[in-house]
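Protein chains in written order, with the working numbering: chain C, 24 to 134; chain V, -14 to 99.
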């Protein structure tokens, strides 16, 4: 079955630096992969979607890469700010066309 | 993007009772989804609710425990029946943009069962 792995340990980054989060998956190669942000007590909020034929996608300070050979996506936040502190989830479509989710990585940006 | 509200936002319930969670969307949507998220865990899909038909439940979830209603294209309810402390979790409803590519979530209902 499809599995998604995200670093369960919190990531502490100094303000202004680039934060990089990793999402690894096994088995089935998805047609696309998504990244969401979740703040405490709130539902996830969609950030970016990247398709299998796209190597990289950007949105303002966010950048996502998708390596189908490594079965990995990297999520970068450049010029990080304390307001970027949140849990970031990756999600992908499995072979049954269902969206499955990683457990998320908590990002802490220190001023 | 769809705006979704949920009621209640949180509740504390006694073992053996039932709670019905409401999900309201500001636009008509075909598919609505109900998820459970336990602390530090990933989102787990409970069921998909389509208007005019029975909900489709994922492995490990049954209609008797989690009955779902979908009376129209903007509203759905999830009932957590005969609750036990193991049902303590955050319950989220979501909708997609029609092709399951982007999902929009409600704020969630935080449930604590004593």
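Even for Gly, the Cβ is constructed at its ideal location relative to N, Cα and C.
Determine whether the Cβ of residue 25 of chain C lies closer than 8 Å to any Cβ atom of chain V. Taking the first chain and counting its residues from 1, one reaches residue 25 of chain C at position 2. No, residue 25 of chain C does not count as interfacial toward chain V.
Less than 8 Å separating the beta-carbons of residue 53 of chain V and residue 66 of chain V? Indexing the second chain from 1 puts residue 53 of chain V at position 68. Indexing the second chain from 1 puts residue 66 of chain V at position 81. No, they are not a contact pair.
Please return the same chain residues whose Cβ sits closer than 6 Å to the Cβ of residue 67 of chain C, not counting the five positions on each side in sequence. Start at 1 with the first residue of the first chain, and residue 67 of chain C comes out as number 44. Contacts found: 59, 61 and 112.
Check whether chain C comes within 8 Å of residue 90 of chain V, counting only Cβ atoms and requiring the distance to be less than that. Counted from its first residue, the second chain places residue 90 of chain V at position 105. Yes, its Cβ sits closer than 8 Å to a Cβ of chain C.
Please state the DSSP three-state secondary structure of residue 71 of chain V. By one-based count along the second chain, residue 71 of chain V stands at place 86. If DSSP states are grouped into helix, strand and coil, residue 71 of chain V belongs with the helices.
Please list the terminal residues of the continuous beta strand (DSSP E) segment that includes residue 18 of chain V. Locating residue 18 of chain V in the second chain gives position 33, counting from the first residue. Here the beta strand (DSSP E) through residue 18 of chain V covers 16 to 22.
Alpha-carbon spacing of residue 48 of chain V relative to residue 31 of chain V, whole angstroms: By 1-based counting over the second chain, the position of residue 48 of chain V is 63. By 1-based counting over the second chain, the position of residue 31 of chain V is 46. Cα to Cα, the separation comes out at about 10 Å.
Kindly say whether residue 17 of chain C, judged by its beta-carbon, lies nearer than 8 Å to any beta-carbon of chain V. No answer is possible for residue 17 of chain C: the residues shown for chain C start at 24 and end at 134.
Cα separation between residue 39 of chain V and residue 131 of chain C? Within the second chain, numbered from 1, the residue matching residue 39 of chain V stands at position 54. Within the first chain, numbered from 1, the residue matching residue 131 of chain C stands at position 108. Taking the straight line joining both Cα atoms gives about 42 Å.
Do you know how far the Cα of residue 68 of chain V is from the Cα of residue 3 of chain V? Here residue 3 of chain V refers to the residue found at position 18 when the second chain is read from its first residue. Here residue 68 of chain V refers to the residue found at position 83 when the second chain is read from its first residue. Those two C-alpha atoms are separated by around 6 Å.
Evaluate residue -12 of chain V with the Cβ neighbour count: other Cβ atoms within 10 Å of its Cβ, from every protein chain shown; 16 or more gives buried, anything less gives exposed. Counting from 1 along the second chain, the entry for residue -12 of chain V is found at position 3. Exposed, by the Cβ-count rule.
What is the DSSP secondary structure of residue 102 of chain C, counted as helix, strand or coil? Residue mapping note: residue 102 of chain C aligns to position 79 of the first chain, counting from 1. In this structure, residue 102 of chain C counts as coil in the three-state DSSP scheme.
Alpha-carbon to alpha-carbon, residue 34 of chain V and residue 52 of chain C: Here residue 52 of chain C refers to the residue found at position 29 of the first chain. Here residue 34 of chain V refers to the residue found at position 49 of the second chain. Whole-angstrom Cα-Cα distance: 27 Å.
Give the residues of chain C in contact with residue 26 of chain V, contact being defined as C-beta atoms less than 7 Å apart. Counted from its first residue, the second chain places residue 26 of chain V at position 41. Here the neighbours are 126.
Partners in chain C for residue 77 of chain V, counting only beta-carbon separations shorter than 7 Å: For the purposes of this step, residue 77 of chain V is taken as residue 92 along the second chain, with counting starting at 1. Neighbours of residue 77 of chain V on chain C, chain order: 66.
Delimiting residues of the beta strand (DSSP E) encompassing residue 98 of chain V: The residue given as residue 98 of chain V occupies position 113 in the second chain. Run containing residue 98 of chain V: 94 to 98, per the beta strand (DSSP E) assignment.
Between which two residues does the beta strand (DSSP E) harbouring residue 53 of chain V extend? Stepping through the second chain from its first residue, residue 53 of chain V is reached at position 68. It spans 53 to 57 - the beta strand (DSSP E) in which residue 53 of chain V sits, taken as one unbroken run.
Would you mind stating whether residue 13 of chain V and residue 59 of chain V have Cβ atoms separated by less than 8 Å? Numbered from its first residue, the second chain carries residue 13 of chain V at position 28. Numbered from its first residue, the second chain carries residue 59 of chain V at position 74. A contact, by the Cβ cut-off of 8 Å.
By the 7 Å beta-carbon criterion, what residues does the stretch 81 to 101 of chain C contribute toward chain V? none
Distance between beta carbons of residue 89 of chain V and residue -14 of chain V, contact taken as under 8 Å: For the purposes of this step, residue -14 of chain V is taken as residue 1 along the second chain, with counting starting at 1. For the purposes of this step, residue 89 of chain V is taken as residue 104 along the second chain, with counting starting at 1. That belief holds up - the Cβ atoms of residue -14 of chain V and residue 89 of chain V are roughly 6 Å apart, short of 8 Å.
Could you tell me whether the Cβ of residue 48 of chain C comes closer than 8 Å to any Cβ of chain V? In the first chain, residue 48 of chain C corresponds to position 25, counting from 1. Not one chain V Cβ lies under 8 Å of residue 48 of chain C.
Classify residue 91 of chain V as buried or exposed, calling it buried when 16 or more other Cβ atoms lie within 10 Å of its own Cβ. By 1-based counting over the second chain, the position of residue 91 of chain V is 106. Classification for residue 91 of chain V: buried.
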